[in-house]
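Please read the structure below before turning to the comments.
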Amino acid sequence: RASVGPKYLSGLNPEQREAVETLDGPVLVLAGAGTGKTRVLTTRIAHILSQGRARPAEILSVTFTNKAAREMKHRLGQMLGHAVEGMPWLGTFHSIGGRILRFHAELAQLKSNFTVLDVDDQVRLLKQLLQAESIDDKRWPARMLAGLIDGWKNRGLMPSQVPSGEAAMFANGKGGKLYASYQERLKILNAADFGDLLLENIRIFREHPDILRQYQQRFKFILVDEYQDTNVAQYLWLRLLSQAPAKPAAQAVIPGRLEEPNPESGDESTDRDSGFDAAHRPGMTERAAIAAAPAGPTKNICCVGDDDQSIYGWRGAEVDNILRFEHDFPGAKVIRLERNYRSTGHILAAASHLIAHNEGRLGKTLRTEDHDGEKVTVTGSWDSEEEARGIGEEIEQLQRQGEKLNEIAILVRASYQMREFEDRFVTLGLPYRVIGGPRFYERAEIRDALAYLRVINSPADDLAFERIVNTPKRGLGDATVQMLHDHARKRRIPLFEAARAVVETDELKPKARGSLRDLITQFDRWRAQREVTAHTDLAQIVLDESGYTEMWQKDRSADAAGRLENLKELVRSMEEFENLQGFLEHISLVMDREGGAEDDAVSLMTLHSAKGLEFDNVFLPGWEEGLFPSQRTLDEQGRAGLEEERRLGHVGLTRARRRAKIYFATNRRIHGTWSTTIPSRFLDELPAANVEITESKGGSAWGGTGGYGASRFDDMEAFGSSYSTPGWQRAQANRNRGGGRGGGGRGGFEEEASTFSSASSSPDFGSFS
Ligand code: ATP
Ligand code: MG
30 RASVGPKYLS GLNPEQREAV ETLDGPVLVL AGAGTGKTRV LTTRIAHILS
80 QGRARPAEIL SVTFTNKAAR EMKHRLGQML GHAVEGMPWL GTFHSIGGRI
130 LRFHAELAQL KSNFTVLDVD DQVRLLKQLL QAESIDDKRW PARMLAGLID
180 GWKNRGLMPS QVPSGEAAMF ANGKGGKLYA SYQERLKILN AADFGDLLLE
230 NIRIFREHPD ILRQYQQRFK FILVDEYQDT NVAQYLWLRL LSQAPAKPAA
280 QAVIPGRLEE PNPESGDEST DRDSGFDAAH RPGMTERAAI AAAPAGPTKN
330 ICCVGDDDQS IYGWRGAEVD NILRFEHDFP GAKVIRLERN YRSTGHILAA
380 ASHLIAHNEG RLGKTLRTED HDGEKVTVTG SWDSEEEARG IGEEIEQLQR
430 QGEKLNEIAI LVRASYQMRE FEDRFVTLGL PYRVIGGPRF YERAEIRDAL
480 AYLRVINSPA DDLAFERIVN TPKRGLGDAT VQMLHDHARK RRIPLFEAAR
530 AVVETDELKP KARGSLRDLI TQFDRWRAQR EVTAHTDLAQ IVLDESGYTE
580 MWQKDRSADA AGRLENLKEL VRSMEEFENL QGFLEHISLV MDREGGAEDD
630 AVSLMTLHSA KGLEFDNVFL PGWEEGLFPS QRTLDEQGRA GLEEERRLGH
680 VGLTRARRRA KIYFATNRRI HGTWSTTIPS RFLDELPAAN VEITESKGGS
730 AWGGTGGYGA SRFDDMEAFG SSYSTPGWQR AQANRNRGGG RGGGGRGGFE
780 EEASTFSSAS SSPDFGSFS
């Protein structure tokens, strides 16, 4: 092999190059933040394509967000010098799983136009089921059940596979049964939830080896970014797809790796079951699920990850997946990268020092050849408002120095922290975008409009139908809806069909009946129009003819105008899509909406959504006990949660190229109540040599102005005086006395799940126990 290869290889260091050029057999790149793992993956695709080893459609490449997928495609174009068309299998687990499921929908008792439910829909549906079973929703909240079901799906468990002990956890043993009837309901509604997108793939692959073989043959190369955050279902899915096709397709073995399928390899699952796993995990069920996966020789799969950046344990991710890679993919080559190309010396030292406090880690060397740069700053403020003001001023100052806003990010622990910054930025006229989290598409008016479009697209979409049947008000109140439900349940038909039947009877009062008939007629007309009208025009027609636009025009509340603006924006946003189906699919899968890509704007997001990203300047507010680490982690006692929080801190710091700025406030308002807070223990864990303590630029405050008498907070003065001394050790002492945020901060505390969009998991799910 020539030492000077194609141009795209020339910038790589030898280890990176090895990871790119080792195309055959399993490869694991296990390396720290900013070492070029994602770059290796992208270059690897370029290499595969330019070597003619596979066509674009034969490469399965899994990224953590849709945004990352777009980014990868863009980079690929740059490397190859031409746009890359047709990489249909470059995307997130969910988007790819959803795509596969649409091809085989009938095998999952669905139609190919099935709807993907978000958490709200999911919860609404579960509420109905609970009602039907006369289970008290107050005692056994639908959200809790949604969380359990989500958890089971993350672990690859079908209703019949849920261990009875766990099924018993809900409503005195009814959990498993409810899961089963929920699945049944989904089929009737022609809907899938996020978990299904992969779970149904797995089931189809297992029940139809011919279909699995088809995909195994198609995907000549598999690449996975952020492997440390895969859950069991994702792992099973990858494992199925990554095996060389079984016998009937043996001729398709890839040149250069001509080994025969090993008849004994079937033992591998039992092997791992008895030995390796037993030492690692107490949970039986995960193992059972994994053991059920057939094992065989694996083909060209390349996973990259970093155990120190595993931050989705709360959502079922298994960092063990990365630790077990060599075991799962026999013959794997493990490559380590040690040079960080992203951050300056001080930042990298601070991040490495922090993460060194974790016990459960593989341990990695990270070095940079960059200069030390600026120290990481730590700034205390009186309260979160001052914190936002201070950060706003620093950003304006950076802007005056010529920094691009696009290179500035604020990474918060909990999404409620964002609002303060949003308010501040609006006041300052500073452009910003929110990445991940509750966004545009989740606003009520947008969801209403989408519900209309969903019913047009899929008449069986009961949840959408129910959402808008009486919005705007048409005299079709709860009683009518209840009646439709009874009808639908009895005859096992969708609500829309039930409505059609009911208007032919005299069960409804004449007024409601007329109104329902009109609605049905309208939908029929819109559906017919769909064939001949552009989808954007159709959307406008639907909003106008349904009376929905008028409803907001007549509304006198302050936000009505904004809502009308949003609706306009919605119709505008549809232009980017070919048709309604494509648009709706995008909505259900979109995970990270950015503003106009050209706009120069500050990025605001949670630490969770920041994974894989990098910015010159990173602001890290809210490093306080009870917020970061989160109260839930503190309540839970065990090390595991705290270590995950620390990894989150590590992820935050390692996003920064040139400046990392940490903040803590001494008072914070959570759910309307003020409480005194204590600086995060993670601050104590930063190396003094790489950190500088600075004054808040947000104003006076430390001594206690701004209307909060210092006497209200006994500890405040202690903080005030310790503030200018070497650090926050005094605060540590206070913490140990049991200070902190009394009791609060639990409900509504958000772990951000933006990467899986609104849907895949509601953060609160885990908090019932
Ligand atoms: P993370 O763990 O945070 O996802 P990563 O390991 O995926 O990080 P990349 O994002 O791929 O790291 O790379 C970090 C930065 O370093 C990027 O800006 C990338 O372009 C740059 N980089 C990586 N390798 C090299 C190289 N050989 N020469 C120059 N720059 C590089
Ligand atoms: Mg990366």
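Residues 30 to 798 (the UniProt record's numbering) make up the sequence shown, in order. Every residue, glycine too, gets a C-beta built ideally from N, C-alpha and C. Just so we're clear, the structure is a prediction, and the values are computed from it rather than from any experiment.
### Per-residue DSSP class, three states only, for E415
In the structure shown, E415 sits in a helix (DSSP, three-state: H, G or I).
### Task
Evaluate the contact criterion for the region 704 to 714 versus the region 639 to 656: three or more CB pairs, one atom per stretch, below 8 Å.
yes
### Query
So, using beta-carbon positions, are R128 and W118 closer together than 9 Å?
yes
#### Entry: First and last residue of the uninterrupted alpha helix (DSSP H) at D544
Residue 544 is actually Ser in this sequence, not Asp. Run containing S544: 539 to 559, per the alpha helix (DSSP H) assignment.
### Message
Helix, strand or coil for F634? Go by DSSP, reduced to three states.
### Response
Note on residue identity: the sequence assigns Met, not Phe, to residue 634. Strand, per DSSP.
### Query
Roughly how far, in whole angstroms, is the beta-carbon of N719 from the beta-carbon of T706, given that I think they are within contact range, below 8 Å?
Between T706 and N719 the Cβ distance is about 24 Å, and since that is not below 8 Å, they are no contact.
### Query
Is D336 near the ligand COA, going by C-beta to nearest heavy atom under 8 Å?
Questions concerning the ligand COA fall outside what the structure shown contains, since the ligands it does hold are the ligand ATP and the ligand MG.
#### Entry: Chain-order list of residues whose beta-carbon lies under 8 Å from that of D477 (same chain, five-residue window excluded)
R496, I497, T500, Y577
#### Entry: Among V484, Q666, F454, the one whose alpha carbon lies nearest that of I549
V484
### Query
What's the gap between the Cα of G409 and the Cα of E388?
Between G409 and E388, the C-alpha separation is close to 29 Å.
### Task
Drop a sphere of 10 angstroms on the beta-carbon of D553, count the other beta-carbons inside from all chains shown, and report buried for 16 or more, exposed for fewer.
exposed
### Query
Between the region 33 to 47 and the region 59 to 75, do three or more beta carbon pairs fall short of 8 Å?
yes
### Query
Can you check whether the CB of R396 is closer than 9 Å to the CB of A60?
With contacts defined by Cβ atoms closer than 9 Å, A60 and R396 do not form a contacting pair.
### Query
Looking at D222 and K182, is the spacing between their C-beta atoms short of 9 Å?
yes
### Task
Using 8 Å as the cut-off, classify the Cβ of D254 as near or not near the heavy atoms of the ligand ATP, replying yes or no.
Result yes, Cβ under 8 Å from the ligand ATP.
### Task
Work out the CA separation of N608 and Q551 for me, nearest whole Å.
20 Å
### Endpoints, the alpha helix (DSSP H) within which K362 is located
Element bounds for K362: not the alpha helix (DSSP H) but the beta strand (DSSP E), 362 to 364.
### Task
Could you give the DSSP three-state label for P792: helix, strand or coil?
With a pLDDT of 28 at P792, under the threshold of 50, the modelled position of that residue is not reliable, and no figure is offered here.
### Query
With C-beta atoms as the reference, is M512 less than 9 Å away from E533?
Going by C-beta atoms, M512 is not nearer than 9 Å to E533.
### Query
Counting pairs of beta carbons, one from the region 120 to 136 and one from the region 200 to 210, are three or more of them closer than 8 Å?
no
### Query
With burial defined as no fewer than 16 other Cβ atoms inside 10 Å of the residue's Cβ, what is the status of V455: buried or exposed?
So V455 counts as exposed.
### Task
Give me the Cα-Cα distance between I217 and D349, rounded to the nearest whole angstrom.
37 Å
### Length of the line joining the Cα atoms of I376 and L78
36 Å
### Task
Consider the C-beta atom of G65 and the heavy atoms of the ligand ATP; say whether any pair is separated by less than 8 Å.
Yes, the ligand ATP has a heavy atom inside 8 Å of this Cβ.
### Task
Find out if the Cβ-Cβ distance for the pair D254, G345 is shorter than 9 Å.
no
### Task
Label G360 either buried or exposed according to how many other C-beta atoms from any shown protein chain fall within 10 Å of its C-beta, with 16 as the threshold for buried.
G360 should be labelled exposed.
### Which of helix, strand or coil DSSP assigns to A517
helix
### Message
Do T144 and L567 have their beta-carbon atoms positioned less than 9 Å apart in this structure?
### Response
no
### Message
At the level of alpha carbons, what is the spacing between A308 and R353?
### Response
Interpretation of A308 is limited by its pLDDT of 28, a score under 50 that renders its predicted location unreliable; the figure taken from the coordinates is listed afterwards. If I take the Cα positions, the gap works out to 12 Å.
### Message
Does Y256 come out as helix, strand or coil in the three-state DSSP assignment?
### Response
Three-state DSSP puts Y256 in a helix.
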